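A quick write-up on the structure given underneath.
Residue numbers (my numbering): 159 to 254.
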């Protein structure tokens with residue numbers, strides 16, 4: 159759950175903030191690609207940080223869950239994107 163929410167949804171919110179602050183108009187493919195790039199970049203950076211913590215002894219339980227953490231990050235970002243598009247669809251239907 160930590161990576162699903164903290165990794166995926168946080169990455170989605172950061173991605174949305176950047177898209178809005180830069181006033182970017184992206185196609186759906188560009189949206190999905192840039193969100194995937196964001197979640198991957200932040201997820202790998204987090205996992206590298208965990209490796210450093212393991213090396214210095216602050217992760218006594220190991221780092222064997224890295225692949226599942228990255229899957230959870232991506233799943234959280236996908237869930238965020240689906241909710242984002244769903245809200246856009248609902249808003250466009252209520253303004254007609």
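Backbone N, C-alpha and C fix where the C-beta goes; we use that ideal spot for every residue, glycine too. Here the structure is a predicted model, which is why all the values come from computation and not from measurement.
Compute the Euclidean distance between the alpha carbons of residue i and residue j, then round it to the nearest angstrom.
| i | j | result |
| --- | --- | --- |
| residue 181 | residue 215 | 44 Å |
| residue 202 | residue 228 | 8 Å |
| residue 199 | residue 243 | 22 Å |
| residue 164 | residue 230 | 10 Å |
| residue 179 | residue 248 | 23 Å |
| residue 213 | residue 246 | 44 Å |
| residue 191 | residue 219 | 33 Å |
| residue 175 | residue 223 | 29 Å |
| residue 241 | residue 162 | 14 Å |
Pop quiz: residue i and residue j are said to be a contact at Cβ under 8 Å. What is the actual Cβ separation, rounded to whole angstroms?
| i | j | result |
| --- | --- | --- |
| residue 197 | residue 160 | Going by Cβ atoms, the distance from residue 197 to residue 160 rounds to 14 Å, so no, they are not a contact pair. |
| residue 303 | residue 187 | Outside the modelled stretch of the chain, which goes from 159 to 254, sits residue 303, for which no answer is possible. |
For residue i, which residues in the same chain have their Cβ closer than 7 Å to its Cβ, ignoring the five residues on either side in sequence?
| i | result |
| --- | --- |
| residue 238 | 166, 167, 170 |
| residue 193 | 170, 173, 235, 239 |
Within its chain, find whatever has a CB closer than 8 Å to the CB of residue i; leave out the 5 residues flanking it on each side and keep chain order.
| i | result |
| --- | --- |
| residue 217 | 208, 211 |
| residue 221 | 205, 208, 209, 212 |
Please return the same chain residues whose Cβ sits closer than 6 Å to the Cβ of residue i, not counting the five positions on each side in sequence.
| i | result |
| --- | --- |
| residue 251 | none |
contact_flag[the segment 161-174, the segment 205-214] where n(CB pairs < 8 Å) is 3 or more: No: fewer than three Cβ pairs fall under 8 Å.
What beta strand (DSSP E) runs, 3 residues minimum, are completely inside the segment 198-240? Those beta strand (DSSP E) runs which fall completely within the segment 198-240 and span 3+ residues do not exist here.
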